[in-house]
Amino acid sequence: MQEAKLPEPEFHTDGMFTVVLKRKQNNYATNDIVNDIVNENEQAITILLRAKPGLNASEIAESISKSWRTTMRYLKSLNEKGLIEFRGAPKTGGYYIKD
């Protein structure tokens with residue numbers, strides 16, 4: 001459970017023995033919102049950041065085959081829409097999907 005970052009199971013003994021296992025919440029609603037308000041390139045960035053959180057702008061630009069300046073425009077747009085955030089120092093930090 002700890003490896004999967006899930007809460008510990010709950011055990012109940014109210015007349016019978018019951019175990020409650022919590023599962024990870026899905027992001028279906030978030031994914032629908034993302035698909036509706038972002039363009040194709042911004043969507044590529046969100047998919048990339050889900051797979052590899054913490055990438056910097058240069059790494060993202062290289063991964064999506066766009067210039068650094070164009071990538072910065074997409075990152076600014078995603079940040080203004082509240083979908084991503086920058087964490088860390090300006091030189092060493094990276095971008096993450098907001099929870």
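In the UniProt record's numbering, the protein residues as written are 1 to 99. For glycine and all other residues, C-beta sits at the position ideal for the given N, C-alpha and C. These numbers come from a predicted model, not from an experiment.
Asked: Cβ-based burial, residue 21 [other Cβ within 10 Å; buried from 16]; Found: exposed
Asked: Reduced DSSP category for residue 8 - H, G, I as helix; E, B as strand; rest coil; Found: coil
Asked: Residue 55 versus 78, 13, 76 and 92, residue with shortest Cα-Cα distance; Found: 92
Asked: Where the alpha helix (DSSP H) through residue 69 begins and ends; Found: 68-80
Asked: Own chain residues within Cβ distance below 8 Å of residue 82, not counting five before or after; Found: 98
Asked: Whole-angstrom distance between residue 63 and residue 42, CA atom to CA atom; Found: 13 Å
Asked: Residue 23 to residue 6 span [Cα, whole Å]; Found: 7 Å
Asked: Where residue 23 sits in the DSSP three-state scheme; Found: coil
Asked: Between the CA atoms of residue 18 and residue 66 - distance to the nearest angstrom; Found: 53 Å
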